[in-house]
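Novice:
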Amino acid sequence: MENVQQNHQGLTVTFRAQQLLKSSANWAKFVAIFSILFTAVIGMGTYIMYLMAQSISRVPDEAKTGLSLFTAISSIILIAVTATYFYSLYRILKFSGTVKFAIESYNSDVLTESFEHLKAHYKSLGIMMIVMLVAYFIIAIAFGIFIAYATKIMMETF
77 MENVQQNHQG LTVTFRAQQL LKSSANWAKF VAIFSILFTA VIGMGTYIMY LMAQSISRVP
137 DEAKTGLSLF TAISSIILIA VTATYFYSLY RILKFSGTVK FAIESYNSDV LTESFEHLKA
197 HYKSLGIMMI VMLVAYFIIA IAFGIFIAYA TKIMMETF
């Protein structure tokens with residue numbers, strides 16, 4: 077007979093389900109740690125890009141303002157994306173640890189907490205996806221306006 081954990085509401089977590097949750101937790105931990113390291117590299121790259129842009133001395137004065145503005149905006153965007161992504165990774169890492177502990181201790185409250193971390197992870201990914209779709213839409217519109225303007229100017233010159 078299977079080793080069965082049952083709570084007061086009648087939810088049964090079979091031994092096979094426990095094995096699957098442990099395996100999922102291990103993979104979630106691996107992905108989270110690898111991604112956190114990758115996110116740290118992106119964060120350092122953003123900082124290095126900012127420092128390099130600030131130290132460029134050969135750029136004409138007229139272009140320095142535009143370059144500084146571009147660097148500041150892109151740095152802010154990258155920092156916001158990195159922070160949001162880090163939060164998502166933190167939550168999946170917390171899911172990994174709490175689901176393992178819940179299974180080992182047969183604690184349904186901790187299992188519930190682990191699923192709250194999983195929900196927060198997917199919620200933050202969903203929000204990032206929506207924000208990126210909106211950003212792509214805005215970029216597409218801006219690109220379309222730029223193409224229309226460039227086409228108009230080219231037609232006027234001929």
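Count along the sequence shown from 1, add 76, and you get the number used in this note's numbering. All residues carry an ideal CB built from backbone N, CA and C; glycine is no exception.
1) Just to confirm my understanding: we take K170, look at its own chain, exclude 5 residues before and 5 after, and list those with CB closer than 8 Å. What are they?
2) Which ranges does the alpha helix (DSSP H) cover as unbroken runs of at least 4 residues, wholly within the stretch 177 to 210, from first to last along the chain?
3) Please state whether DSSP places T90 in a helix, a strand or coil.
4) Please state the DSSP three-state secondary structure of V222.
5) Identify, in the order they occur along the chain, each residue of the same chain with its Cβ nearer than 8 Å to the Cβ of T233, setting aside the five sequence neighbours on each side.
6) Report the three-state DSSP secondary structure of S110 (helix, strand or coil).
Specialist: A quick look at the data gives this:
1) In the sequence shown, the residue the question calls residue 170 occupies position 94. Excluding its 5 nearest sequence neighbours in each direction, K170 has C-beta neighbours in its own chain below 8 Å: S190, H193, listed in chain order.
2) Counting only runs of 4 or more, we get nothing.
3) Within the sequence shown, the letter at position 14 stands for residue 90. T90 carries a coil assignment under DSSP once its states are collapsed to helix, strand and coil.
4) Here residue 222 is taken as the residue at index 146 of the sequence shown, counted from 1. For clarity, residue 222 is Phe in the given sequence; the question names Val instead. DSSP places F222 in helix when its eight states are reduced to three.
5) Mapped onto the sequence shown, residue 233 falls at position 157. So the list is empty, once near-sequence residues are dropped.
6) Taking the first residue of the sequence shown as 1, we reach residue 110 at position 34. Rather than Ser, the amino acid found at residue 110 in this sequence is Phe. Assignment of F110 by DSSP, reduced to helix, strand and coil, places it in the helix class.
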